[in-house]
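One point on numbering: in the working numbering, the residue at position 124 of the sequence shown is 120, and numbering is uninterrupted. Glycine included, each C-beta is placed from N, C-alpha and C at the ideal position. Bear in mind the structure is a predicted one, so any value in this text is a computation, not a measurement. Only one structure is covered here, and it is reproduced in the block below.
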Amino acid sequence: FALKAHDALDAKRHAILEGVNGLGKTAAILSAALPIAKERGLSILYTSRTHRQCDRAIEELQRISEKTRATGLSFRGRREMCINRFVLQNVEDPRSAMELCNHMTKTHRCRFFERVEMNPKAQQRLLRKLSSGAYTSSEIKDECFKLEFCPYEVAKRALDGVDVVALSYYYVLEPSIRSNFFRYFRR
-3 FALKAHDALD
7 AKRHAILEGV
17 NGLGKTAAIL
27 SAALPIAKER
37 GLSILYTSRT
47 HRQCDRAIEE
57 LQRISEKTRA
67 TGLSFRGRRE
77 MCINRFVLQN
87 VEDPRSAMEL
97 CNHMTKTHRC
107 RFFERVEMNP
117 KAQQRLLRKL
127 SSGAYTSSEI
137 KDECFKLEFC
147 PYEVAKRALD
157 GVDVVALSYY
167 YVLEPSIRSN
177 FFRYFRR
């Protein structure tokens, strides 16, 4: 898998690789793509259908990073990343979470968002940490919880500093979500 993936990527060709669960496809593809992406100054967007699959890709990346420098994060929407109890208790769907979050940040009513803005040194330390390893969304939430930072905001700011971003394919395929996402992801 890794050699076929590497050859296709290096030649800028498409490749279809198929295999049973547990064969090591994710690790092979990431291992093949990382050197090429780094050489060309690119990031890898690893898209999948489920959040668990995104986290699995980052877990594989954590194992890869034991042998070579590889950084990444699992990116999720506001609803899944939120640690604000008021939001969590009052919204049930991603759209409502986005609307409530936008309202609260614009009216300065989200202390987690405000703390990110008011603590640039702590923010930079956390962004350096996130850009030096591979983190699942729950690990990002844990780090942000300690600082009372908004995990969604921190994850957005960390996008450009990592090699791999694992995310739902909706962020790439859905036009309105894609345009918003790529405002923060410029690499």
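Among the options, whose alpha-carbon lies nearest the alpha-carbon of residue i?
i: Ala93; options: Ala53, Lys125, Arg74; result: Arg74
i: Arg48; options: Thr132, Val168, Asp138, His10; result: Thr132
i: Gly20; options: Ala11, Asp3, Ser70, Arg59; result: Arg59
i: Tyr180; options: Arg153, Val168, Ile173, Thr101; result: Arg153
i: Ile25; options: Arg65, Ala53, Leu169, Ala118; result: Ala53
i: Arg45; options: Phe178, Ser164, Asn176, Val168; result: Ser164
i: Ile32; options: Leu13, Cys50, Ala(-2), Glu62; result: Ala(-2)
i: Ala7; options: Lys137, Ala29, Arg72; result: Ala29
Taking the beta carbon of residue i as the centre, do at least 16 other beta carbons fall within 10 Å, making it buried, or is it exposed?
i: Glu35; result: exposed
i: Lys125; result: exposed
i: His2; result: buried
i: Thr67; result: buried
Could you please give the first and the last residue of the uninterrupted alpha helix (DSSP H) stretch that includes residue i?
i: Thr22; result: 21 to 35
i: Thr101; result: 90 to 102
So, for residue i: in the same chain, excluding its five sequence neighbours on each side, which residues have a beta-carbon less than 7 Å away from its beta-carbon?
i: Tyr166; result: Ile173
i: Tyr148; result: Arg74, Met77, Cys78
Starting from residue i, trace the beta strand (DSSP E) in both directions and tell me its first and last residue.
i: Ile173; result: That residue, Ile173, is in no beta strand (DSSP E); its alpha helix (DSSP H) goes 171 to 180.
i: Ile40; result: 40 to 44
Quick one: what's got a C-beta closer than 6 Å to residue i's C-beta in the same chain, skipping five residues either side?
i: Ala23; result: Glu56
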